[in-house]
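Beneath this line is the structure, given in structure tokens, with notes to follow.
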Amino acid sequence: MENRKLAVLLSGRGSNFLAIHEAIRRGDLRAEICCVLSNVAEAAGLARAREFGYPGLFLPSKGVERAEFDRRMLAALRPMDPALICLAGFMRVLSPEFVAAYRGRILNIHPALLPSFPGLHAQRQALEYGVRITGCTVHLVDEGVDTGPILLQRAVEVQEGDSEETLSARILKQEHDIYWRAIAIMLERRGNTGLQTSSPGPQN
Ligand code: GAR
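Residue 2 is where the sequence shown starts when you use the working numbering, and the numbers rise one by one after that.
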């Protein structure tokens with residue numbers, strides 16, 4: 002059986018999670034969300050996930066050492082055997098152990114044209130620098146912060162008088178349109194190369 006299961010990790014609003022959910026519902030993305038995991042109990046995205054009937058996991062990260070938190074995430078995710086881990090506003094840096102466990106299978110979305118403006122407040126960084134074009138990036142996660150091979154990017158023009166809010170809103174619209182496409186590319190790539198996940202069994 003082809004594994005098309007997605008684990009979505011988020012810390013907040015969850016609009017990218019919703020966009021992925023919508024793409025699946027429309028039939029544009031052939032995938033299945035097997036769980037939504039959050040390190041923030043009150044994350045709006047986690048509440049929405051539960052409303053939709055997805056398994057919603059809360060793992061507290063406050064006061065927990067990174068390596069230990071990530072070990073807990075690995076233990077929680079393992080039984081679900083996700084094909085891909087989709088970071089959707091998950092505001093934590095992953096430990097090398099976590100990256101190694103899912104190497105080449107962790108996707109992140111970032112609101113800038115990487116390698117420009119990594120880290121927090123990417124839209125504010127773009128405005129402060131004065132670039133005329135910024136955008137968003139979906140990339141594979143490695144041990145760095147917002148580094149790793151780029152899968153898809155979308156450019157967004159900075160307009161005269163843009164505030165962080167107006168620019169972020171236009172970028173977000175594009176984020177919602179590229180994340181599911183990048184997931185589809187990864188699932189097709191995995192299908193074509195016959196890459197295995199941790200579970201035994203044939204892959205198409
Ligand atoms: C998105 O803009 C995403 O690109 C950004 O957080 C927001 C989450 O929004 N991620 C990063 O900045 C990661 N470095 P959402 O919760 O509505 O999807």
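Every residue, glycine too, gets a C-beta built ideally from N, C-alpha and C.
Here the structure is a predicted model, which means the values were calculated and not measured.
- Task: Report yes if the CB atom of ASP143 is closer than 8 Å to the CB atom of VAL94, and no otherwise.
- Result: For this step, residue 143 is matched to residue 142 along the sequence shown. For this step, residue 94 is matched to residue 93 along the sequence shown. Not closer than 8 Å, so no.
- Can you say whether GLU66 is buried or exposed, counting buried as having 16 or more other CB atoms within 10 angstroms of its CB? Numbered from its first residue, the sequence shown carries residue 66 at position 65. Exposed, since its Cβ has fewer than 16 Cβ neighbours within 10 Å.
- Query: First and last residue of the alpha helix (DSSP H) that includes ALA68?
  - Reply: Sequence index remark: in the sequence shown, residue 68 carries index 67 (1-based). That run of the alpha helix (DSSP H) goes 67-78.
- Who are the near neighbours of GLU52 in its chain, counting only those whose CB is closer than 6 Å to its CB and skipping five residues on each side? To locate residue 52, count along the sequence shown from 1; it is residue 51. Excluding residues within five positions, none has a Cβ falling inside 6 Å.
- Query: Per DSSP, what kind of secondary structure is HIS177 in: helix, strand or coil?
  - Reply: To locate residue 177, count along the sequence shown from 1; it is residue 176. Residue state, collapsed to three classes: helix.
- Query: If we ignore side chains and look at the alpha-carbon of each, how far apart do LEU11 and ILE86 end up?
  - Reply: One-based indexing of the sequence shown puts residue 11 at position 10. One-based indexing of the sequence shown puts residue 86 at position 85. Taking the CA atoms as reference points, LEU11 sits about 11 Å from ILE86.
- Task: Give me the Cα-Cα distance between LEU153 and ARG31, rounded to the nearest whole angstrom.
- Result: Translated into positions along the sequence shown, residue 153 becomes position 152. Translated into positions along the sequence shown, residue 31 becomes position 30. Cα to Cα, LEU153 sits roughly 18 Å from ARG31.
- Query: Among the residues of its own chain, which have a CB less than 7 Å from the CB of ARG182, if the five just before and after it don't count?
  - Reply: Within the sequence shown, numbered from 1, the residue matching residue 182 stands at position 181. LEU153.
- Message: Using the Cβ count rule (16 or more neighbours within 10 Å means buried), how would you classify VAL9?
- Response: Taking the sequence shown and counting its residues from 1, one reaches residue 9 at position 8. Flag for VAL9 reads buried.
- C-alpha distance - ALA77 paired with ALA42, whole-angstrom precision: The residue given as residue 77 occupies position 76 in the sequence shown. The residue given as residue 42 occupies position 41 in the sequence shown. Cα-Cα distance, rounded: 16 Å.
- Task: Label TYR130 either buried or exposed according to how many other C-beta atoms from any shown protein chain fall within 10 Å of its C-beta, with 16 as the threshold for buried.
- Result: As a position in the sequence shown, residue 130 is number 129, starting the count at 1. So TYR130 counts as exposed.
- Does the beta-carbon distance from LEU114 to GLY136 come in below 8 Å? The count along the sequence shown starts at 1 and reaches residue 114 at position 113. The count along the sequence shown starts at 1 and reaches residue 136 at position 135. Taking 8 Å as the Cβ cut-off, LEU114 and GLY136 qualify as a contacting pair.
- Query: Between HIS140 and the ligand GAR, is the CB less than 7 Å from at least one heavy atom?
  - Reply: In the sequence shown, residue 140 corresponds to position 139, counting from 1. The answer is no for HIS140.
- Item | Given ARG133 as reference, the closest of GLY13, ILE110, ARG5, SER117 once Cα atoms are compared | Indexing the sequence shown from 1 puts residue 133 at position 132. Measuring from the Cα of ARG133, the nearest candidate turns out to be SER117.
- Whole runs of the alpha helix (DSSP H) within the stretch 119-169, excluding any shorter than 4 residues: 123-130
- Task: Report buried or exposed for PRO112, applying the criterion of at least 16 other Cβ atoms within 10 angstroms of its Cβ.
- Result: Counting from one through the sequence shown, the residue named residue 112 turns up at place 111. PRO112 is classed as buried because its beta carbon has at least 16 other beta carbons within 10 Å across all chains shown.
- Kindly identify the DSSP beta-bridge partner or partners of ARG57. The residue given as residue 57 occupies position 56 in the sequence shown. For clarity, residue 57 is Gly in the given sequence; the question names Arg instead. Answer is VAL37.
- Going by the CB atoms, is the gap between SER169 and GLN126 shorter than 8 Å? Taking the first residue of the sequence shown as position 1, residue 126 is located at position 125. Taking the first residue of the sequence shown as position 1, residue 169 is located at position 168. No; because the gap between Cβ atoms is not below 8 Å, this pair is not in contact.
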